[in-house]
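Counting in this note's numbering, the sequence shown runs from 43 upward without gaps. The C-beta atom is built at its ideal place from N, Cα and C for all residues, glycine as well.
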Amino acid sequence: MQNITEIEELIKLISRLPGLGPKSAKRIVLKLINNRDELTKPLAKSLADVYKNISRCQICGTLKPTLIECSFNKCNLVKKKFDKICVVENIADQWSIESSSIFEGYFHILGGTIGSSGQKKEHLLIESLIQRVKNEKIDEVILATSATVEGQTTAYYIQDSLKYFNVKISKLAQGLPVGGEIESLDDGTLYSAFKNRIGLKLDSD
Ligand SMILES: [Zn+2]
């Protein structure tokens, strides 16, 4: 292979994407080189647009046009009022739940779990979840974290943080396979996990 800095840099970057190694990255780069106008140009524009215009809301964690500000009471993207919040670890989980149409309500994306590698609790959107519950008319918080140790630790921490609020807290039913990540579940499993969700009793200490 010739040493062309730009090409090597691109291969290096693409191989960092999920599911891709250096070999697939090279194939992608060749495809791009061979399709400059049909692929490379629109792709470059699309990447720049996403970078410039899309960001995560610092309160609810969902993706939104950067220009739109979300406040505690108002996710400006959601026109309807809901009384439920579904708490998930990441945006992929939100997308899975949305595409299964099981849940109607607000989403709250934590941005990870407590205890997962390199993840600091302070970096998760937990404080803003507490603020949302406090400031909005929320009837139920559904903890839809994964059935992993980290996911369950996170769910427990949130449950504990919300124990003095007058809000129902529930978590997804056992339908979840142990170690199961929400994003990899099929619609049927997700549906029964939501439908049979378990109400968590609040500690009254
Ligand atoms: Zn928001």
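Nearest neighbour of residue i, chosen from the options [CA to CA]
i: V130; options: L166, S203, D91 and L85; result: L166
i: L266; options: E223, I127 and E146; result: Any answer about residue 266 is impossible in this case: the structure gives the chain only from 43 up to 247.
i: L72; options: T108, G61 and Q44; result: Q44
i: I151; options: I110, C99, K122 and K87; result: C99
i: E182; options: K87, Q194, Q161 and K205; result: K205
i: V31; options: I200, L89, S142 and E111; result: The question about residue 31 has no answer here: the residues shown for the chain are numbered 43 through 247.
i: Q173; options: S188, G147 and S203; result: S203
i: V209; options: D135, G241 and R58; result: G241
i: K94; options: E223, T108 and P84; result: T108
i: A189; options: L85, R69, S226 and S170; result: S226
i: V191; options: T155, D79, S66 and I180; result: T155
i: D228; options: R78, L52, I139 and A90; result: I139
i: K122; options: K162, Y148 and Q136; result: Y148
i: S180; options: T195, F207 and S158; result: Note that residue 180 is Ile in the sequence shown, not Ser. Ranking the options by Cα distance to I180, first place goes to F207.
Contact test: residue i Cβ vs ligand 1 heavy atom, cutoff 6 Å
i: C128; result: no
i: I101; result: yes
Enclosing alpha helix (DSSP H) for residue i [first to last residue]
i: F107; result: A quick correction: the sequence has Pro, not Phe, at residue 107. No alpha helix (DSSP H) contains P107, which is instead part of the beta strand (DSSP E) from L105 to P107.
i: K68; result: P64 to N76
i: Y148; result: First-last for Y148: Y148 to I151, but that is the beta strand (DSSP E), not the alpha helix (DSSP H).
i: V175; result: E169 to N177
i: L185; result: L185 -> not in any alpha helix (DSSP H); beta strand (DSSP E) instead, spanning E182 to L185.
i: V191; result: V191 to S203
i: I53; result: T47 to I56
With 16 other Cβ atoms within 10 Å as the buried cut-off, status of residue i
i: D247; result: Bear in mind that a pLDDT of 47 at D247, under 50, signals an unreliable position, so the number given afterwards is only what the model happens to contain. Burial call: exposed.
i: A235; result: buried
i: S88; result: exposed
i: A197; result: buried
i: S143; result: exposed
i: L85; result: exposed
i: G63; result: exposed
i: L171; result: buried
i: T47; result: exposed
i: L214; result: buried
i: D125; result: exposed
i: L59; result: exposed
i: I96; result: exposed
i: D91; result: exposed
Residue span of the beta strand (DSSP E) that contains residue i, given as start and end
i: K210; result: K210 to K213
i: S97; result: I96 to R98
i: I127; result: K126 to V130
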